[in-house]
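Keeping their order, the protein sequence lines are chains A and B. The first sequence: position 261 = 261 (my numbering), numbered continuously. Add 1000 to a position in the second sequence, counting from 1, and you land on the number used in my numbering.
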Amino acid sequence: MSSSLKRSLTPYLLGLPTALWLGIFFVVPLLAILSVSLMTGNALDGYTLTWNFSIFGDAISTYSTQFLRSFLYGGISTAVALVAMYPVAYWVAFYGGRFKSALLFLLLLPFFVSFVIRIIAWQFILADDGIVLGTLKDIGVVPESMHVLSTPSAVVAGLTYDALPFMLLPLYVSLQRIDRSQIEAAADLYASKYDRFRTVILPLSAPGIYAGIVLVAITNIGDYVSAAILGGPSTTMIGNVIQTQYVQNADYPIASALALILMATLLVAMGVYAKVFGTRTLQEHAT
Amino acid sequence: MGALSACGIAGTRDTGWKSGFDWDSWWRRQERQGTLDFANWPLYIDRTKDGSPTLNDFSRKYGVTVNYRPVIQDNASFFAQISPVLAAEQPIGYDLVVISNGWELTQMIENHWLVPLDHSRLPNFERYAGAASRAPAYDPKNEFTVTWQSGITGIGYDPEKTGREITSLKDLYDPAFAGRVGMMSDNTELGSTGMLVQGIEPVSSGPAEWRQAAEVLRKQRDDGIVRQYYDQGYIKALQQGDTIISMAWSGDVFQAQVSGNSNLKFVVPEEGGMIWHDNCMIPYRAAHPVDAIEWMDYSYRPEIQAQISDWVNYVSPVPDAKPIIADQLDDPTVADSPLVFPSEAITKQLHDYYDFKSVGDHEEWTSIFDPIIQS
């Protein structure tokens, strides 16, 4: 083999492990899900591939409420997490000093406990006669009949809570990387505090905002734990439907179809989002 | 799934033992192995800080090490865990599992996933089992199962908070309790209770009656009366005060009463309650079948059953345990409880579940009741 041929093959050989990994653990399962979604039958007698494409239309029309609700809850929780975590990340990055690492560690500490345990803890904390509502009811601040659990707010709150570290970290990294002399330059050019934030810091932290939103939105839209534990009779998200259809009803085709629809919708949404907001700011930042 | 899924997924039917298998000679060849891997539901056996006294006695007398695992949270998800293993013709690692009568048990039997029991090894069952545990509709010859405990689905409530005694299933639909009513997420339980409230007999019902039940249940949900559709977590919600009235299983409410919630009450409503049976069975390819069947039989000894029933407070399969609980264990509350040893009056009020006749039957039921739970 000539050395030039070797050289031209090198990048492909280096990429081979990744390609194999993705092929085996991503492409093959994806194709399997696609083929399962087109099958008909039942668990007892087996499922056969009948190219039942109508399942996608049926799935969308039957579960449109749950799809829309998932995007709504996912969107709200992402927005709230962003608004809540931006000041925190900002403060740690700019005023944390030598305690930065310690502060970050403290912020992430609760998340060393399993997600399910933390959500169950919220169920306990938010109980009708629990430590929060019980106390407020005793002193007459809220009406006796008030409850937080089993409401959409409880589900969104659970989703938001779990999203905090995934929002915090990318925001922190992008704020931390901002060259402080650019802010000083803006100050030297008589930019007010507000202008410095709006025209320098905010645009320079855009990649962090973008990454945070993508990370949190995708996880939250597909979540089912929060709705299962904190939700009520009309807070079912699409993740809950997929879980029930797959595990309880062993209806693999409908579960697969729903998973594919969710994935495709998320891909399109994220693609549009990247086009409009993501890559542009990423490129601006890079140049 | 994997490669198979390219053209189809094999069904689970007949993936167990083959028809015509000679079980008599198989049982004759089996011997005690000295180990028992036992999967059960949480809080479902007598318990002290040294483990279960009855299991410890069994261990000592028979020289069997018992690995007791309370891993079963609900039938559907446990079945989902074990069915791929059984379909792949592998042992599931348990010699004895406890599953309720219902669609999962029907599938276990249909698939030939259960070892037919050798009744010559069950003398205590033959002698002491109560009428309700003999020849149940779902296993008419006790070919595959013996009852572990039975239970009643009725109503649990806190009289202080409801402000009145509860007597009727209609109380679950009372707007006065809006947002504080707990219903069950198990679609068989939910559907059955929706029929009972209208005076429909579940066991002889059909799709038309199911839809009628669904209508009532949907209205109950849309009127904001249902707080949540719960799995066994309903009892925690009732204890915490999130709900003040809830569909409930008899034994859970008793256990809650003794563990500090003496305010809670359980009632079999005037329209009736549902009676279910949790059953012991030996999954096919179990490594220690003799140890499993010996424990099944041992648990039917009245003095052993007395200890279990006195602790779990569900409906006992052995009526002869009653005098032992009353006299030797000195616990008249449990011995006299009509819900542990049902009186004739209570037995008359109990209804059996609808038995799913086919896959299509079960799919229809699910398609009618699931949209209520997951809306």
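Every residue, glycine too, gets a C-beta built ideally from N, C-alpha and C.
Query raised in the report: Which of helix, strand or coil does DSSP assign to Trp-122 of chain A?
Result: Here residue 122 of chain A is taken as the residue at index 122 of the first sequence, counted from 1. Note: Trp-122 of chain A maps to helix in three-state DSSP.
Requested in this report: Would you mind sorting Ser-37 of chain A into buried or exposed? The rule is 16 or more other CB atoms within 10 Å of its CB.
Outcome: Counting from one through the first sequence, the residue named residue 37 of chain A turns up at place 37. Counting Cβ neighbours within 10 Å, Ser-37 of chain A comes out buried, since at least 16 surround it.
Query raised in the report: By the criterion of Cβ-Cβ separation under 8 Å, what are the contact partners of Gly-1241 of chain B in chain A?
Result: Numbered from its first residue, the second sequence carries residue 1241 of chain B at position 241. Going along chain A in sequence order, the residues near Gly-1241 of chain B (Cβ under 8 Å) are Ala-127, Asp-128 and Asp-129.
Query raised in the report: Exposed or buried, which one is Gly-1002 of chain B when buried takes at least 16 other CB atoms within 10 Å?
Result: Reading the second sequence from its first residue, position 2 is the one you call residue 1002 of chain B. Unreliable placement is indicated for Gly-1002 of chain B, whose pLDDT of 45 sits below 50; the coordinate value is still reported in the next sentence. It is exposed - the Cβ of Gly-1002 of chain B has fewer than 16 other Cβ atoms within 10 Å.
Report task. Identify each residue in the segment 215-240 of chain A for which the Cβ-Cβ distance to at least one residue of chain B is less than 8 Å, and report them in chain order. Result -> Listed in sequence order: Gly-231, Gly-232, Pro-233, Ser-234, Thr-236 and Asn-240.
Query raised in the report: Rounded to a whole number of angstroms, what is the C-alpha to C-alpha distance between Tyr-1173 of chain B and Pro-1091 of chain B?
Result: Within the second sequence, residue 1173 of chain B is the residue found at index 173, counting from 1. Within the second sequence, residue 1091 of chain B is the residue found at index 91, counting from 1. Distance between the alpha carbons of Tyr-1173 of chain B and Pro-1091 of chain B: 46 Å.
**Report entry** the segment 1102-1113 of chain B touching the segment 1128-1145 of chain B, judged by at least three CB pairs closer than 8 Å
**Finding:** Below 8 Å, enough C-beta pairs join the segment 1102-1113 of chain B and the segment 1128-1145 of chain B to call them touching: three or more.
Query raised in the report: At a Cβ cut of 9 Å, what residues of the segment 1056-1079 of chain B count as close to chain A, listed as they run along the chain?
Result: From the segment 1056-1079 of chain B, only Asp-1074, Ala-1076, Ser-1077 and Phe-1079 have a Cβ closer than 9 Å to chain A.
Query raised in the report: Apart from the five residues on each side of it in sequence, which residues of its chain come closer than 7 Å, Cβ to Cβ, to Pro-1371 of chain B?
Result: Indexing the second sequence from 1 puts residue 1371 of chain B at position 371. There are no such residues.
Query raised in the report: Would you say the segment 1157-1172 of chain B touches the segment 1262-1281 of chain B, given that touching needs at least three Cβ pairs under 8 Å?
Result: In short, these stretches touch, since the Cβ pair count reaches three.
Query raised in the report: I think Gly-1034 of chain B touches Val-1064 of chain B, with their Cβ atoms under 8 Å apart; what is that distance to the nearest whole Å?
Result: For the purposes of this step, residue 1034 of chain B is taken as residue 34 along the second sequence, with counting starting at 1. For the purposes of this step, residue 1064 of chain B is taken as residue 64 along the second sequence, with counting starting at 1. For a cut-off of 8 Å, the C-beta gap from Gly-1034 of chain B to Val-1064 of chain B is around 6 Å, short enough to register as a contact.
Query raised in the report: Buried or exposed: Trp-122 of chain A, going by 16 or more other Cβ atoms within 10 Å of its Cβ?
Result: Taking the first sequence and counting its residues from 1, one reaches residue 122 of chain A at position 122. Around the CB of Trp-122 of chain A, 16 or more other CB atoms lie within 10 Å, so the residue is classed as buried.
Report task. Can you pull the chain A residues whose beta carbon is under 7 Å from the beta carbon of Gln-1228 of chain B, in chain order? Result -> As a position in the second sequence, residue 1228 of chain B is number 228, starting the count at 1. Result: Ser-150, Gly-232 and Pro-233.
Query raised in the report: Which chain A residues sit within Cβ distance under 7 Å of Cys-1280 of chain B?
Result: Mapped onto the second sequence, residue 1280 of chain B falls at position 280. At a C-beta separation below 7 Å, Cys-1280 of chain B has no neighbours in chain A, since its nearest C-beta there lies roughly 23 Å away.
Query raised in the report: Relative to chain B, which residues along the segment 90-111 of chain A have a C-beta separation below 8 Å, given in chain order?
Result: Answer in chain order: no residues at all.
Query - Cβ neighbour criterion (16 or more within 10 Å) applied to Tyr-161 of chain A - result: Taking the first residue of the first sequence as position 1, residue 161 of chain A is located at position 161. So Tyr-161 of chain A ends up on the buried side.
Query - Cβ shell of Leu-262 of chain A (< 7 Å), same chain only, five flanking positions each side left out - result: The residue you call residue 262 of chain A lines up with position 262 of the first sequence. A distance below 7 Å between beta-carbons, with the five flanking residues on each side excluded, links Leu-262 of chain A to the following residues of its chain, in chain order: Gly-222 and Ile-238.
Report task. Say whether chain A places a C-beta atom closer than 7 Å to the C-beta of Ile-1200 of chain B. Result -> The count along the second sequence starts at 1 and reaches residue 1200 of chain B at position 200. Not closer than 7 Å to any Cβ of chain A, the Cβ of Ile-1200 of chain B fails to qualify, so no.
Report task. Express the C-alpha separation of Ser-1375 of chain B and Ile-242 of chain A in angstroms, rounding to a whole number. Result -> Residue 242 of chain A sits at position 242 when you count from the first residue of the first sequence. Residue 1375 of chain B sits at position 375 when you count from the first residue of the second sequence. Spanning the two alpha carbons is a distance of roughly 13 Å.
Query - Integer-rounded CB distance, given that Pro-1202 of chain B should sit under 8 Å from Tyr-1353 of chain B - result: Numbered from its first residue, the second sequence carries residue 1353 of chain B at position 353. Numbered from its first residue, the second sequence carries residue 1202 of chain B at position 202. The C-beta separation of Tyr-1353 of chain B from Pro-1202 of chain B comes to about 6 Å, placing the pair in contact by the 8 Å criterion.
Requested in this report: For Ala-354 of chain A, decide whether its Cβ has a neighbour in chain B, counting only Cβ atoms nearer than 7 Å.
Outcome: The structure shown does not extend to residue 354 of chain A, since chain A is modelled only from 1 through 287, so no value can be given for it.
Query raised in the report: What are the partner residues of Met-1108 of chain B, as DSSP defines its beta bridges?
Result: For this step, residue 1108 of chain B is matched to residue 108 along the second sequence. Answer by DSSP bridge pairing: none, since Met-1108 of chain B is not bridged.
Query raised in the report: Does DSSP put Phe-1356 of chain B in a helix, a strand or coil?
Result: For this step, residue 1356 of chain B is matched to residue 356 along the second sequence. Three-state DSSP puts Phe-1356 of chain B in coil, outside helix and strand.
Report task. Answer yes or no: do Met-270 of chain A and Leu-171 of chain A have a C-beta to C-beta separation smaller than 7 Å? Result -> As a working mapping, residue 270 of chain A is identified with position 270 in the first sequence. As a working mapping, residue 171 of chain A is identified with position 171 in the first sequence. No, the Cβ-Cβ distance between Met-270 of chain A and Leu-171 of chain A is not below 7 Å.
Query raised in the report: For Gly-1002 of chain B, which of helix, strand or coil comes out of DSSP?
Result: Position 2 of the second sequence, counted from the first residue, corresponds to residue 1002 of chain B. Residue placement at Gly-1002 of chain B cannot be trusted, given a pLDDT of 45 that sits under 50; the coordinates are not used to answer.
Query raised in the report: What is the rounded straight-line gap between the Cα of Tyr-1068 of chain B and the Cα of Val-1098 of chain B?
Result: Translated into positions along the second sequence, residue 1068 of chain B becomes position 68. Translated into positions along the second sequence, residue 1098 of chain B becomes position 98. Cα to Cα, the separation comes out at about 12 Å.
Query - Rounded Cβ spacing between Val-1146 of chain B and Pro-1289 of chain B (contact assumed at less than 8 Å) - result: Residue numbering aside, residue 1146 of chain B sits at position 146 when the second sequence is read from its first letter. Residue numbering aside, residue 1289 of chain B sits at position 289 when the second sequence is read from its first letter. 14 Å between Cβ atoms; not a contact.
Query raised in the report: What's the C-alpha gap between Arg-198 of chain A and Ser-181 of chain A?
Result: Within the first sequence, numbered from 1, the residue matching residue 198 of chain A stands at position 198. Within the first sequence, numbered from 1, the residue matching residue 181 of chain A stands at position 181. Between Arg-198 of chain A and Ser-181 of chain A, the C-alpha separation is close to 16 Å.
Requested in this report: Going by DSSP, name the residue or residues bridged to Trp-1249 of chain B.
Outcome: Start at 1 with the first residue of the second sequence, and residue 1249 of chain B comes out as number 249. According to DSSP, which records beta bridges pairwise, Trp-1249 of chain B is partnered with B:Thr-1153.
Requested in this report: Taking 8 Å as the threshold, find out whether the segment 1050-1066 of chain B comes into contact with the segment 1237-1253 of chain B through three or more Cβ pairs.
Outcome: At 8 Å Cβ cutoff, the stretches do not touch.
Query - Any C-beta of chain B under 7 Å from that of Gly-46 of chain A - result: Position 46 of the first sequence, counting from 1, holds the residue named residue 46 of chain A. Gly-46 of chain A counts as touching chain B.
**Report entry** Pick from A:Pro-11, A:Ala-19, A:Thr-48 and A:Pro-17 that is closest to Gly-1011 of chain B, judged by C-alpha positions
**Finding:** Position 11 of the second sequence, counted from the first residue, corresponds to residue 1011 of chain B. Considering only alpha carbons, the answer is A:Thr-48.
Query raised in the report: Nearest-angstrom Cα distance between Lys-137 of chain A and Glu-144 of chain A?
Result: In the first sequence, counting from the first residue as 1, residue 137 of chain A sits at position 137. In the first sequence, counting from the first residue as 1, residue 144 of chain A sits at position 144. Taking the straight line joining both Cα atoms gives about 6 Å.
Requested in this report: Return the CA-CA distance between Gly-41 of chain A and Gly-1179 of chain B, expressed in angstroms with no decimal places.
Outcome: Along the first sequence, one-based indexing puts residue 41 of chain A at 41. Along the second sequence, one-based indexing puts residue 1179 of chain B at 179. Taking the straight line joining both Cα atoms gives about 39 Å.
Query raised in the report: Do Pro-995 of chain B and Ala-1039 of chain B have their CB atoms nearer than 7 Å?
Result: Absent from the model: residue 995 of chain B. The displayed extent of chain B is 1001 to 1375, so no value can be given.
Query raised in the report: Are the beta-carbon atoms belonging to Val-200 of chain A and Ala-211 of chain A less than 7 Å from one another?
Result: On the first sequence, residue 200 of chain A is found 200 positions in, with the first residue counted as 1. On the first sequence, residue 211 of chain A is found 211 positions in, with the first residue counted as 1. Result no, Cβ atoms of Val-200 of chain A and Ala-211 of chain A do not sit closer than 7 Å.
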